[in-house]
């Protein structure tokens, strides 16, 4: 089992119980498990219009995460990707509806329409005022007579919920909901399908492809398209979305379908807010997981055209866990570095041979990125190759600004560059290495002695010694053999790197957290990088 659930049959009730337990007393549920699963506001007094929504589970935090002051009054939860029963919906309506009436907000799926519709008829028969609106914001198939309801539903929850909280009538809330529905558009994209508990995962999306225009229940998208990163994904989504948008100001909701990392969602947000529709975006909701499809590795973009009234209602504060807020789109603010962090650099000086040598070293590290990442995944976090390649690319870019003709200043300049461009412990250790080598060179020591002085300082600060399974295992013997020529240094570096594969205990670096079985037979990636560098230079 690769999911943190207990019994498949209890997963929805367990999730509801967890949501309520963490709500600080703001939420409650109706009796009736397991057939009736309704989350309600615990402070509700039926004095205003009630808003009831819901549908299948698996879209968390929708819908229970939007129950609270200013949004939903109740959420009716079905099984995963399955509509709740008409009895469950009716229970929710009867529990929260007073003289002001109830507005049902329903996504355009057959089961939801039927069960919410039947429950509304039965509630009316009890004498309650009930209106129902249907969400159809999906634009993936523009000619489809029954478009699906996607994350644009949340604009209706927010705007109609604010109106109800402000004391509007049922008719006013329903009209506002219909206006928002008409002004809302959504489309999604995913790199992978979702994993439905108890069912085999459907692997229909090939490597290097993505599905564009998919729903929130694991159903296939409208088309499969080539996947080439965030900017390309946003462009494909915007190309579909832009023609349906009015030439007016909009709010955009950036929704994680469940499996995208926070880092990815922030990158997608940057690219969306720099896209062709940027001038039509005034407010941003997210990026957050708001209307998910279990663990689907994808995102959806929803937009709503703003009226002055709706703009104010979107900005009205709410007391729910699932709504991240609505913020104005603003230009990036860049502040100057504090005093002391802008380094004093030696003047640039050209030296063709030194430039060629350093460029070759950088290109070796860049070419080794993937291999070193694979090695690091065995003993660390899988990023050694990327870290070194990033620093190498930065060094190449800065090459013409370096004091190439003055090796003493060059050591220090490389140390400064690495301290700014290379992350992790490797970055700071190599910055110390070159800074100390520069100091030793300034005192008159030749190159090999200066580099050994740098290594000694790095060992003192970092705590790594030969035999500790780090880059030191290759670098120390290579420098010791350097006076005998690059071939000798290369052989020594390779021998030291290979030796790390026999060490099952690391005494420094991230590999200290890895057990012996995982380390055995795997060369330390830092030592491998040193060995490759010397091998290429000697060839």
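Numbering (our numbering), first residue to last: 1129 to 1667.
Ideal Cβ placement from N, Cα and C applies to all residues, glycine included.
Assigned exposure category for residue i - 16 Cβ within 10 Å defines buried
i	result
residue 1361	buried
residue 1187	buried
residue 1160	exposed
residue 1659	buried
residue 1481	exposed
residue 1637	Here residue 1637 scores only 49 on pLDDT, less than 50, and its place in the model should not be relied on; the value that follows carries that caveat. Flag for residue 1637 reads buried.
residue 1440	exposed
residue 1299	exposed
residue 1588	exposed
residue 1253	exposed
residue 1382	buried
residue 1220	buried
residue 1261	buried
residue 1286	buried
residue 1130	exposed
residue 1242	exposed
residue 1384	buried
residue 1391	exposed
Own chain partners of residue i with C-beta closer than 7 Å, once the 5 adjacent residues on each side are dropped
i	result
residue 1672	The requested residue 1672 does not occur in the structure, where the chain is confined to residues 1129 to 1667.
residue 1627	1601
residue 1244	1217, 1232, 1234, 1260
Pair within 7 Å by beta-carbon distance, residue i and residue j
i	j	result
residue 1172	residue 1224	yes
residue 1316	residue 1185	no
residue 1434	residue 1377	yes
residue 1419	residue 1279	yes
residue 1546	residue 1519	yes
residue 1148	residue 1158	no
residue 1605	residue 1590	no
residue 1597	residue 1560	no
residue 1531	residue 1484	no
residue 1500	residue 1653	yes
residue 1477	residue 1534	yes
residue 1388	residue 1341	no
residue 1338	residue 1355	yes
Residue from the options whose Cα sits closest to the Cα of residue i
i	options	result
residue 1248	1207, 1465, 1231, 1235	1231
residue 1289	1445, 1475, 1267, 1410	1445
residue 1379	1394, 1387, 1458, 1345	1458
residue 1403	1393, 1363, 1432, 1390	1363
residue 1152	1136, 1169, 1137	1169
residue 1258	1266, 1222, 1242, 1284	1222
residue 1284	1268, 1256, 1313	1313
residue 1548	1572, 1573, 1521	1521
residue 1226	1583, 1251, 1246	1251
residue 1572	1552, 1557, 1537	1537
residue 1365	1344, 1494, 1400	1400
residue 1266	1206, 1592, 1343	1343
residue 1394	1228, 1358, 1264	1358
residue 1603	1574, 1630, 1557	1557
residue 1405	1386, 1367, 1438	1367
C-beta neighbour in chain C for residue i, strict 7 Å
i	result
residue 1139	Included in the structure is just one protein chain, with no chain C present.
Cβ shell of residue i (< 8 Å), same chain only, five flanking positions each side left out
i	result
residue 1448	1193, 1194, 1195, 1196, 1197, 1198, 1199, 1200
residue 1576	1607, 1610, 1611
residue 1133	1139, 1142, 1325
residue 1554	1512, 1515, 1516, 1599, 1654
residue 1346	1209, 1321, 1322, 1324, 1330, 1421, 1422, 1424
residue 1456	1410, 1411, 1412
residue 1397	1382, 1412, 1414, 1415
Cut-off 6 Å between Cβ atoms - residues of its own chain near residue i, not counting five sequence neighbours on either side
i	result
residue 1580	1607
residue 1645	Confidence is the limiting factor: at residue 1645 the pLDDT is only 48, short of 50, which leaves the residue's position unreliable and the question unanswerable from this model.
residue 1693	Nothing about residue 1693 can be reported from this structure: the residues present for the chain run from 1129 to 1667 only.
On the three-pair Cβ rule with 8 Å, is the region 1295–1308 touching the region 1168–1178? Contact holds: three or more Cβ-Cβ distances are below 8 Å.
| request: Mind the definition here: the region 1489–1501 touches the region 1520–1533 only if three or more C-beta pairs lie below 8 Å; say whether that holds. | output: With contact defined as three or more Cβ pairs closer than 8 Å, the region 1489–1501 and the region 1520–1533 are in contact.
- request: Taking 8 Å as the threshold, find out whether the region 1155–1169 comes into contact with the region 1131–1146 through three or more Cβ pairs.
  value: A contact exists between the region 1155–1169 and the region 1131–1146.
Across the region 1411–1431 and the region 1310–1324, are there enough close Cβ pairs to call them in contact, namely three or more that are closer than 8 Å?
Result yes; three or more Cβ-Cβ pairs closer than 8 Å.
* Quick check: the region 1618–1627 against the region 1453–1463, are there 3 or more CB pairs under 8 Å? -> The region 1618–1627, when compared against the region 1453–1463, does not touch it at the 8 Å Cβ threshold.
*Segment contact, 8 Å Cβ cut-off, at least three pairs: the region 1438–1453 with the region 1410–1420*: Verdict: yes, contact present.
Quick one: any contact between the region 1561–1576 and the region 1508–1523, if contact means 3 or more CB pairs under 8 Å?
The region 1561–1576 vs the region 1508–1523: no contact.
Pairs of beta-carbons, one from the region 1235–1242 and one from the region 1258–1274, closer than 8 Å: are there three or more?
Contact holds between the region 1235–1242 and the region 1258–1274, because three or more Cβ pairs, one in each stretch, are under 8 Å apart.
- So does the region 1367–1374 actually touch the region 1320–1333, counting three or more Cβ pairs closer than 8 Å? As far as the Cβ criterion goes, the region 1367–1374 does not touch the region 1320–1333, which means the pair count is below three.
Requested in this report: Assess, as a yes-or-no matter, whether the region 1214–1221 is touched by the region 1348–1364 under the definition of 3 or more beta carbon pairs within less than 8 Å.
Outcome: Cβ pair count under 8 Å is below three, so no.
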